[in-house]
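Asks: Below you will find the structure I want to go over with you.
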Amino acid sequence: MHSDSGSDSGSGSGSGSGSPMASSIHPSEPIQPMEHVLEEADARLLTEVGFLAAAVSDLTRADAIFNALQRVRPGRTYPCIGLAVARMNAGLPDEAAEVLANFQPAQAEDRSELDAWCGFALLLAGRSDEARRMLQRAIDAGGEAARLAQVVLDSGPAMMRPAPLQSEPLPGAPG
């Protein structure tokens, strides 16, 4: 197995898969809130750096940053959204949708924000029917997420928008 340090001398600082560090950062493990470990300003700065990595599809750095933020800010949506944006920018919208759909936010009202982003990821994945349903769910919930979902829905392919009601039959249609 390859280790970034070049050796696995047992010093505890190796990054091989058997090291405590490699196995300790996993977002699905139960974790204790660690809000006191990282000041809010520092979390905000790390988030900005994480989104810069996501913008250039640097999954390695984005994942490291956002997985760490999930550990110290469990249940918050922004690390999950960062992981998803990195995947969307890397051309992996199906993975992004899965990350968003499976995340359990600490606050139930945050679900609509995740649904709006998930709808966007599904749209990028070419899954228009699922995208429309997810975006509509976010719209129905109201708030900021509803505005985001409405913009995505309105700017998506025409097949995603409801057809306008017609008062006259189409030419050539029976009736």
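The sequence shown begins at 1 in UniProt numbering and counts up by one. Note that beta-carbon positions come from the ideal geometry of N, C-alpha and C, so glycine has one too.
Rounding to the nearest angstrom, what Cα-Cα distance links R76 and Q107 in this structure?
Replies: Cα to Cα, R76 sits roughly 8 Å from Q107.
Asks: Would you check if there are 3 or more beta carbon pairs closer than 8 Å linking the segment 78-98 to the segment 58-66?
Replies: Yes, the segment 78-98 is in contact with the segment 58-66.
Asks: Return no unless some Cβ of chain D is closer than 9 Å to the Cβ of A53.
Replies: Among the protein chains of the structure shown there is no chain D, as only one such chain exists.
Asks: Among A53, L45, C118, which has the Cα closest to the Cα of A90?
Replies: It is A53.
Asks: Beta-carbon separation of L122 and E109 under 9 Å?
Replies: No; because the gap between Cβ atoms is not below 9 Å, this pair is not in contact.
Asks: Confirm, please, whether the CB-CB distance from Q136 to A149 is below 9 Å.
Replies: Cβ distance < 9 Å, so A149 and Q136 count as in contact.
Asks: Reducing DSSP to helix, strand and coil, say where V37 ends up.
Replies: Three-state result, V37: helix.
Asks: Could you check if D58 belongs to the surroundings of the ligand PLP, using beta carbon to heavy atom distance under 8 Å?
Replies: The ligand content of the structure shown is nil, which means the ligand PLP is not present either.
Asks: If you count every other CB in all the chains shown that lies within 10 Å of the CB of V152, and 16 or more means buried, which is it?
Replies: With 16 or more other Cβ atoms within 10 Å, it is buried.
Asks: Is the separation between the beta-carbon of R71 and that of A43 shorter than 9 Å?
Replies: No. Outside cutoff.
Asks: Quick check on DSSP: helix, strand or coil for P157?
Replies: In this structure, P157 counts as coil in the three-state DSSP scheme.
Asks: Nearest CA to the CA of P157: which residue from D140, R147, L124, A141?
Replies: That would be L124, whose Cα lies nearest to the Cα of P157.
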